[in-house]
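If you read the protein sequences in the order shown, they are chains R and X. Under this note's numbering, the first residue of the first sequence carries the number 45, and numbering increases by one thereafter. Under this note's numbering, the first residue of the second sequence carries the number 1147, and numbering increases by one thereafter. Cβ coordinates follow ideal geometry from the N, Cα and C atoms, glycine included. Here the structure is a predicted model, which is why all the values come from computation and not from measurement. Worksheet: one structure, shown below.
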Amino acid sequence: MIRRRARPQFHEPSLVPMADMLTNTVGVVLFILIFTVLTAGAAVVTRRLPMERSTKATAVTFLCASGRIISMADLDAPIKEFLSPLLKDGKPVDDFVTRFQSRKLETDYLILTGDVQGEVAILVQPKPGSSESAADLNESIAKFRTTLAGLDPHQKYARFLVYPSGVTAFRSARDIASSGTFGTGWDLFGASEPIRDCIGYCGPGGSGGTIK
Amino acid sequence: MPERDSGQEDHFNLLPFIAILLCVLGTELLVTMSMATISLGVGAVEGWVQDKDPAHATKNPTLIEWDGKEATVQRQDRDEKFPLALDSKTLPPEFAVVINELASRRETDYALFAVRPSGFENYYRLAQMFKARGIDVGDEPVEQGKKIRLKASPR
């Protein structure tokens, strides 16, 4: 007769220690969560604000819009290109006003259009999606960085034209410029406010060839 | 053929409990890290400190937040909000008091504007009201929802 081996009796273990461990761990992590939230909630990130001072340095202009930085350092060339078909021997062609108003020139980063409303001005707008974003500025090969690297901080300062959509990009760019010992300046533009480069019949508040 | 020992089937498996424990821990850690990131990142309060220029005497800033419709003057004990319509000829008398106060301290104080993107359009008109009274003006563009405070400058 074959004797069957006695089947071992199953003892259900108590789950109380496991539940105890679970609640203890959850409690400790909750405590850490509360501590972290309270501590971090009261955290203040210090930002040093530059003080205004006069300078003899000349401006290198950058446009901050749509989260991007667009160099306007070489704006003279597109303006010359914009005007070239409208001038003959340095004088306006016969139908200058009509052709000026309908003229539109796109560069890699900018759109130039003509506007005649009391004064003769070229409106400059950023081309959507072009140029460098605030994140791109961290790259060492960023055009903004290479542009500044080729300039003397004693001779030039960075001037920013800031649109509402370009605040974050402006602050990143200004930090980079300041870390390179460049002076900085900025002008604020409303969302629907174009940059006007007045080229003729500029009134008392006209820009007379300079930006804004 | 010998019967298989069925003891293995009776073994109590603790793996699901460990899985629950790890899931709870992971979730709580995620929440903790998220809260910390938000608090120290986009939700962090910015403390503004003005750079000291040893060559020039510096004035004391009065921080005014401007969002295009409402000016918030930060005081030490409280913030005062002034809804402003810049198109109207007259300012609210309470805000005129603020300008008068600053004008009376123009030698030692200046107005520091924190300009929100919604206030870019008409900020210079507001600043002109202060400049017209001989008050020095500074400005700093700041993100729409960012909380800001003035911090005392280090000596």
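Where R/G85 is concerned, the enclosing alpha helix (DSSP H) starts and stops at V60 to G85.
Annotation for R/Q169: the continuous beta strand (DSSP E) segment containing it runs E163 to P170.
R/Q169 places its beta carbon less than 7 Å from that of R/I155. The continuous stretches of alpha helix (DSSP H) do not include R/R203, which lies in the beta strand (DSSP E) extending over residues K200 to V206. Sequence-distant Cβ neighbours of R/T228 in its own chain, meaning closer than 8 Å and more than five residues away, are P94, Y201, A202, R203, F204, R218, A221 and S222. Taking X/F1241 as the centre and dropping the five residues before and after it, the same chain places the C-beta of A1217, F1228 and L1230 closer than 8 Å to its C-beta, in chain order.
For R/G234, the nearest CB of chain X lies under 7 Å from its own CB, placing it at the interface with that chain. Rounded to whole angstroms, R/F140 and R/I123 show a C-alpha spacing of 15 Å. Residue burial is scored here from C-beta neighbours: X/C1169 has fewer than 16 other C-beta atoms within 10 angstroms and is therefore classed as exposed.
Using a Cβ-Cβ cut-off of 7 Å, X/W1194 counts as an interface residue toward chain R, since at least one Cβ of chain R sits closer than that to its own. For the pair R/T105 and X/D1255, the Cα-to-Cα distance works out to about 31 Å.
When secondary structure is reduced to three states using DSSP, X/Y1256 falls in the strand class. Within chain X, not a single residue places a beta-carbon under 9 Å from that of R/G173; the smallest gap is close to 19 Å. Residue pairing from DSSP leaves R/P57 without any beta-bridge partner.
Taking every protein chain shown into account, the CB of R/M116 has 16 or more other CB atoms within 10 angstroms, so this residue is buried.
In this structure, the straight-line span from the alpha carbon of X/D1282 to that of X/L1258 is close to 9 Å. For R/I185, the number of other beta carbons within 10 angstroms of its own is below 16, and it is reported as exposed.
The C-beta separation of X/A1260 from X/L1209 comes to about 6 Å, placing the pair in contact by the 8 Å criterion. Here the C-alpha atom of R/S58 lies approximately 11 Å from the C-alpha atom of X/L1160. With contacts defined as CB atoms closer than 7 Å, R/S110 and R/S236 fail to qualify as a contacting pair. R/S177 and R/L107 have their C-alpha atoms spaced approximately 12 Å apart. Below the 9 Å Cβ cutoff, chain X contributes P1287 as neighbours of R/F214, in chain order. Taking CB atoms only, R/G111 has no neighbour in chain X less than 7 Å away. Ranked by Cα distance from R/Y153, the options R/L131, R/T142, R/G134 and R/I114 are led by R/I114. Considering only beta carbons, the part of the segment 1160 to 1172 of chain X lying closer than 8 Å to chain R consists of L1160, F1163, I1166, L1167, V1170 and L1171, in chain order. Beta-bridge analysis with DSSP links X/E1216 to X/P1229. Given a length threshold of 4 residues, each whole run of the alpha helix (DSSP H) inside the segment 127 to 196 of chain R is given here in chain order: 140 to 146 and 187 to 193. Taking 7 Å as the threshold, the shortest C-beta distance from X/P1229 to chain R does not fall below it.
Neighbours of X/S1185 in chain R, taken as residues at a C-beta separation under 9 Å, are given in chain order as T80, V81, T83, A84, G85, A86 and A87. Annotated as proximal: R/L232 and X/F1266, with beta-carbon spacing under 7 Å. Annotation for X/Q1290: R1262 and P1263 place their beta carbon closer than 6 Å to its own, counting only its chain and skipping 5 residues before and after. Pairwise C-beta distances place the segment 1177 to 1187 of chain X in contact with the segment 75 to 84 of chain R, as three or more of them are shorter than 8 Å. Those residues of the segment 1243 to 1268 of chain X placed with their C-beta closer than 9 Å to a C-beta in chain R are L1258, V1261, R1262, P1263, S1264, G1265, F1266, E1267 and N1268, ordered along the chain. When the beta-carbon positions are compared, R/V164 and R/G244 come within less than 7 Å of each other. For X/Q1274, the enclosing alpha helix (DSSP H) stretches over residues F1266 to K1277. In the three-state scheme derived from DSSP, where H, G and I count as helix and E and B as strand, X/N1246 is classed as helix.
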